[in-house]
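Residue numbers (this note's numbering): 30 to 188. One structure is given below, encoded as structure tokens.
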């Protein structure tokens, strides 16, 4: 039959090892979840950039439609569609549509860049959590070993 001190020591070692194992597993799970979130963030960033391109093209098409309407309205009113006034109106409509399209692209790229940066930060956060879990597990094992040996406080096998 084992003596009580041995049973206590084995119990302390088992508890310390299980605690350390749990810390490592938690860190791995946090890193895995952070990786998932990072990949989702990167996918969102790509989607945002794609949406900006589509939106810019939609704006350009609306500009072309507005130019066509202005030209038709000019012709319908009996004015010369190649007159300086009619061409200036068309040029202004085209310029405004191109500016709006440009700002849609720039805004989308900016939002996509922020999403990608957040994804990278999330990934790094997961790596830090995983590293911290190994450190915490090591500390737990060290504390367990110290408490088993006896740290001068009247505990452990020396007492």
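Each residue gets a CB set at the ideal place from its N, CA and C atoms; glycine is no exception.
- Annotation: the continuous alpha helix (DSSP H) that includes residue 160 extends over 113-178.
- If you look at residue 73, you'll find it in the alpha helix (DSSP H) that goes 33-105.
- Cα atoms of residue 65 and residue 148: separation of roughly 10 Å, rounded to the nearest angstrom.
- Taking C-beta separations shorter than 7 Å and ignoring five residues to either side along the sequence, the partners of residue 45 in its chain run 169, 170, 173, following chain order.
- Contact between the segment 77-95 and the segment 149-156 is absent: fewer than three C-beta pairs spanning the two stretches fall below 8 Å.
- The C-beta of residue 103 has 16 or more other C-beta atoms within 10 Å across all chains shown, which makes the residue buried.
- Residue 117 sits exposed, since fewer than 16 C-beta atoms from the chains shown fall within 10 Å of its C-beta.
- Just so you know, the alpha carbons of residue 42 and residue 178 end up roughly 11 Å apart.
- A Cβ-Cβ contact shorter than 9 Å links residue 133 with residue 85.
- Counting C-beta pairs with one atom in each stretch, the segment 105-120 and the segment 55-72 have fewer than three that are closer than 8 Å, which means they do not touch.
- Distance between residue 166 and residue 74, taken at the CA atoms: about 36 Å.
- Apart from sequence neighbours up to five positions away, the residues of its chain that approach residue 136 with a beta-carbon distance below 7 Å are 81, ordered along the chain.
- Looking only at 49, 37, 77, the smallest Cα-Cα distance to residue 145 is reached by 77.
- Distance from the CA of residue 138 to the CA of residue 127, rounded to the nearest whole angstrom, comes to 16 Å.
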